[in-house]
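Undergrad:
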Amino acid sequence: MEKLSKIAQRYASVPGNEKRFAFAGQPDSIIWKHFKKGDEAAFIYIYANYFNELLGFGFRITSHIGIIEDAIQDVFVDLRSRHTPLPNLKVSIKAFLFKALKNKILAYCKRDQKQMAVADKFWDPGFNVSKSIEDKIIDEEGNGQIARQLRNFIASLTRREREIIYYLYYQKMSYEEIKEVMNFDNVKSVRNLLYRSLSKLKLKFN
Amino acid sequence: MNKYTQYELEDFLTDEWFIKWVKKTTWESEIFWEKWLTKNPEKQPLINKARIIIESAHYDEPGYNLKSYNRILEHVLNNSYSFRHPVSRRKSGRKSVIFTLTATMALIIVFSFFLIKNGYRKDVLPSYQTVVKSNEKGVKSNFTLPDGTKVYLNSGSRLTFSQPFKRSDVSLAGEAFFEVAEDPANPFTVNSKGIDITALGTSFNVRAFAGEEKVSVVLLEGKVSVDMKNQRSFDSKLINPGEKISLDVTGGEVNISEIDHDNDYVWKDGILVFGQVSFEKFVAEIERWYGVHVTVNSPPKKQWRFKGRFEKQSLEVVLESARYTEGLNYTINKKEVQITFN
Numbered sequence: 020m021e022k023l024s025k026i027a028q029r030y031a032s033v034p035g036n037e038k039r040f041a042f043a044g045q046p047d048s049i050i051w052k053h054f055k056k057g058d059e060a061a062f063i064y065i066y067a068n069y070f071n072e073l074l075g076f077g078f079r080i081t082s083h084i085g086i087i088e089d090a091i092q093d094v095f096v097d098l099r100s101r102h103t104p105l106p107n108l109k110v111s112i113k114a115f116l117f118k119a120l121k122n123k124i125l126a127y128c129k130r131d132q133k134q135m136a137v138a139d140k141f142w143d144p145g146f147n148v149s150k151s152i153e154d155k156i157i158d159e160e161g162n163g164q165i166a167r168q169l170r171n172f173i174a175s176l177t178r179r180e181r182e183i184i185y186y187l188y189y190q191k192m193s194y195e196e197i198k199e200v201m202n203f204d205n206v207k208s209v210r211n212l213l214y215r216s217l218s219k220l221k222l223k224f225n
Numbered sequence: 302m303n304k305y306t307q308y309e310l311e312d313f314l315t316d317e318w319f320i321k322w323v324k325k326t327t328w329e330s331e332i333f334w335e336k337w338l339t340k341n342p343e344k345q346p347l348i349n350k351a352r353i354i355i356e357s358a359h360y361d362e363p364g365y366n367l368k369s370y371n372r373i374l375e376h377v378l379n380n381s382y383s384f385r386h387p388v389s390r391r392k393s394g395r396k397s398v399i400f401t402l403t404a405t406m407a408l409i410i411v412f413s414f415f416l417i418k419n420g421y422r423k424d425v426l427p428s429y430q431t432v433v434k435s436n437e438k439g440v441k442s443n444f445t446l447p448d449g450t451k452v453y454l455n456s457g458s459r460l461t462f463s464q465p466f467k468r469s470d471v472s473l474a475g476e477a478f479f480e481v482a483e484d485p486a487n488p489f490t491v492n493s494k495g496i497d498i499t500a501l502g503t504s505f506n507v508r509a510f511a512g513e514e515k516v517s518v519v520l521l522e523g524k525v526s527v528d529m530k531n532q533r534s535f536d537s538k539l540i541n542p543g544e545k546i547s548l549d550v551t552g553g554e555v556n557i558s559e560i561d562h563d564n565d566y567v568w569k570d571g572i573l574v575f576g577q578v579s580f581e582k583f584v585a586e587i588e589r590w591y592g593v594h595v596t597v598n599s600p601p602k603k604q605w606r607f608k609g610r611f612e613k614q615s616l617e618v619v620l621e622s623a624r625y626t627e628g629l630n631y632t633i634n635k636k637e638v639q640i641t642f643n
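Protein chains in written order, with the working numbering: chain A, 20 to 225; chain B, 302 to 643.
1) For B:Asn443, which beta-bridge partners are listed by DSSP?
2) Taking a cut of 8 Å between CB atoms, which residues from the segment 169-188 of chain A lie near chain B?
3) Taking its Cβ as the centre, do 16 or more other Cβ atoms sit within 10 Å of A:Asn68, making it buried, or is it exposed?
4) Quick check: A:Ser216 and A:Leu176, are their CB atoms within less than 9 Å of each other?
5) 9 Å is my cut-off, CB to CB: does B:Val300 come that close to chain A?
6) For B:Asp278 and B:Ile496, which I take to be in contact (beta-carbon distance under 8 Å), what is that distance rounded to the nearest angstrom?
7) Short check: CB of A:Arg210 to CB of B:Thr315, under 9 Å?
8) What did DSSP end up calling A:Gln134 once you bin it into helix, strand or coil?
9) Anything in chain C within Cβ reach of B:His376, meaning under 7 Å, just list it in chain order.
10) Are the beta-carbon atoms of B:Gly287 and B:Ala509 separated by less than 9 Å?
11) Hey, does A:Tyr214 have any beta-carbon neighbour from chain B nearer than 9 Å?
12) Give me the chain A residues within the contact set of B:Tyr370, using Cβ-Cβ distance strictly less than 7 Å, ordered along the chain.
13) Distance, Cα to Cα, B:Lys434 vs B:Asn443?
14) Based on the DSSP secondary-structure assignment, which residues constitute the bridge partners of B:Arg245?
15) When we look at the beta-carbon of B:Glu309 and count the other beta-carbons within 10 Å, is it buried (16 or more) or exposed?
16) Grouping DSSP H, G and I as helix and E and B as strand, with all else coil, what is A:Met192?
17) Closest Cβ-Cβ distance between A:Lys113 and chain B: below 9 Å?
18) According to the neighbour-count rule (16 or more other Cβ atoms, all chains shown, within 10 Å of its Cβ), is B:Leu338 buried or exposed?
19) For chain A, check one thing: does any of its Cβ atoms lie closer than 9 Å to the Cβ of B:Ser463?
20) Taking the alpha carbon of B:Gly543 as the point to measure from, which residue in B:Ile560, B:Leu367, B:Phe479 has its own alpha carbon closest?
21) State buried or exposed for B:Ala623, treating a residue as buried only when at least 16 other CB atoms are found within 10 Å of its CB.
22) Rank B:Val574, B:Asp549, B:Tyr453, B:Leu347 by C-alpha distance to the C-alpha of B:Ser517 and give the top, closest one.
23) Are the CB atoms of A:Lys121 and A:Glu72 nearer to each other than 9 Å?
24) How long is the line joining the alpha carbons of B:Gly628 and B:His376, rounded to whole angstroms?
25) Give a yes or no on whether the minimum CB-CB distance between A:Lys198 and chain B is below 9 Å.
26) Quick one: which residues of the segment 310-335 of chain B get their C-beta closer than 7 Å to a C-beta of chain A? List them in chain order.
27) Is B:Gly543 close to chain A? Criterion is C-beta to C-beta, closer than 9 Å.
28) Taking the CB atoms as reference points, tell me whether A:Leu74 and A:Glu88 lie closer together than 9 Å.
29) Give me the subset of the segment 468-482 of chain B whose CB atoms are less than 7 Å from a CB atom of chain A, sorted by chain position.
30) How about A:Phe11: is its C-beta nearer than 9 Å to some C-beta of chain B?
31) Ignoring anything shorter than 4 residues, give me the alpha helix (DSSP H) runs that lie fully in the segment 307-380 of chain B, in order along the chain.
32) Among all the DSSP beta bridges, which residues are the ones paired with B:Thr641?
33) Using 9 Å as the threshold, is the C-beta distance between B:Leu490 and B:Ala500 below it?
34) Please report the distance separating the alpha-carbon of A:Glu59 from that of B:Gly512.
35) Quick check on B:Ile354 - is its C-beta less than 9 Å from some C-beta in chain A?
36) Determine, using beta carbons only, whether B:Val471 and B:Phe505 come nearer to each other than 9 Å.
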């Protein structure tokens, strides 16, 4: 890990870096408008705010870190390129970036021909139940039974269902954002899909 | 409120408002659900089950990687010299000044027309300006924000907020003490080094100096939640009055301890406290507190554990005390301090 002060120095040399803090807590629509107008600080704010989330998100599709990083770079380069018109924001900056990154990564995986090997993760079940929660579950049931049941259940869902769960429970996204990222027609069908699969969970649980 | 009493497990699991509460995204949902649970205590087991399932959604992630953060940012910036409509391009010569003036006037006219036509729309106009309150080293200040929140700003610190004022948009570099004006509908959020500190009717102190690896928040009264945005694995933490939370910005390490009332926030009353500090910390602190520049001519011969409490004292008094206990020699010439050890 580089020393903090050194990183701070490098940060300081980026134009717009100082001003980016002005955007903290602003609604996405305002940040986006400033970015569209060419405000470098708005761009830096977006980059700083979403870089890590995008990295983690890419990791849900493939474990090839090189592909993820290339894709992130291209998403941001496209965003700044004056050759591709910047669209209006439909839902949120996060949904916009997630969608763009997902498309990029999948395109790279296809291009690389080793599709199966490259998009190796593609929403694996996740649910690596964290220690504190495992303790909670064990407290209530006496053994790790429920944690195991839960993992098995999630593993039995379709890829799309697991994808929704990831956005909803982990990324704290709204149904509106999920609709956008996953190309659903409407919010209701997102919820319905999840509702149907989760009602099966109750049977196994009780 | 009533429809929730009919809810089954899958209803809770797909309810955005419920998930918001579990994931602690808004204060409003917290207030709502806590109230709801006291009214419907028989639902507690079902709620617990739903909570556990939602909280279990946990995924392995690569850690925050500053190296790739910087490298990719550099590539992106270099790859797009021609940034979308450049904001301002410096040109010399009279002609361009006139051109700029004309263009500006034209813009103003278009803009006014736009205003008249559309009225004032918050999201169209760059309606806010950034206000920066900043203290040089050696200077402290206190002031009141437009919402009534009282701020004590330490030396070498900077507070940034927007005008018109937004309680969710305050950022801090350095150290400040806040007495937050009560407004339950609008939580007050300070961002510092990527950490969000959110408060309701509260007095708290934030310390986040650039050279220090730790950010600490000390809570005197009320309720405060602390969230590290860039650290995915970090769940937001609620702290109670009398508690101090220290976060390691790089490693994500968190430590909650009891407040030291004689030490943790007394700077705002002009009291300078050293609690067994190293020589380096001592130097950084007096540079910031007194606005001086320190030159160290020879390093200390033994490890420092300097302790001291100075209420509105001069720099001489502090250095005298260190001379006595730590064997330091000094000269002060206006803003220049020379330190040697024999």
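Glycine included, every Cβ here is placed at the ideal spot set by N, Cα and C. Since the structure is predicted, the reported quantities are computational estimates derived from the model, not experimental observations.
TA: So, to answer that:
1) B:Tyr453
2) Leu169, Ile184, Tyr185, Leu187, Tyr188
3) buried
4) yes
5) Residue 300 of chain B is absent from the model: chain B starts at 302 and stops at 643.
6) Absent from the structure is residue 278 of chain B, since the part of chain B shown begins at 302 and ends at 643.
7) yes
8) Confidence at A:Gln134 is low in this model, with a pLDDT of 49, below 50, so its placement is unreliable and the value that follows should be read with caution. In this structure, A:Gln134 counts as helix in the three-state DSSP scheme.
9) Protein chains A and B are contained in the structure displayed, whereas chain C is not.
10) With chain B covering 302 to 643 only, the question about residue 287 of chain B has no answer from this structure.
11) yes
12) Phe70
13) 10 Å
14) This structure gives no information on residue 245 of chain B, because the portion of chain B shown stretches from 302 to 643.
15) exposed
16) coil
17) no
18) exposed
19) yes
20) B:Ile560
21) buried
22) B:Asp549
23) no
24) 51 Å
25) no
26) Leu310, Glu311, Leu314, Thr315, Glu317, Ile320, Lys324, Thr326
27) no
28) yes
29) Ser469, Asp470, Ser472
30) Chain A is shown only over 20 to 225; residue 11 of chain A falls outside these bounds and no answer can be derived.
31) 310-314, 317-323, 328-340, 345-357, 367-380
32) B:Asn630
33) According to the sequence displayed, residue 490 of chain B carries Thr and not Leu. Yes.
34) 26 Å
35) yes
36) no
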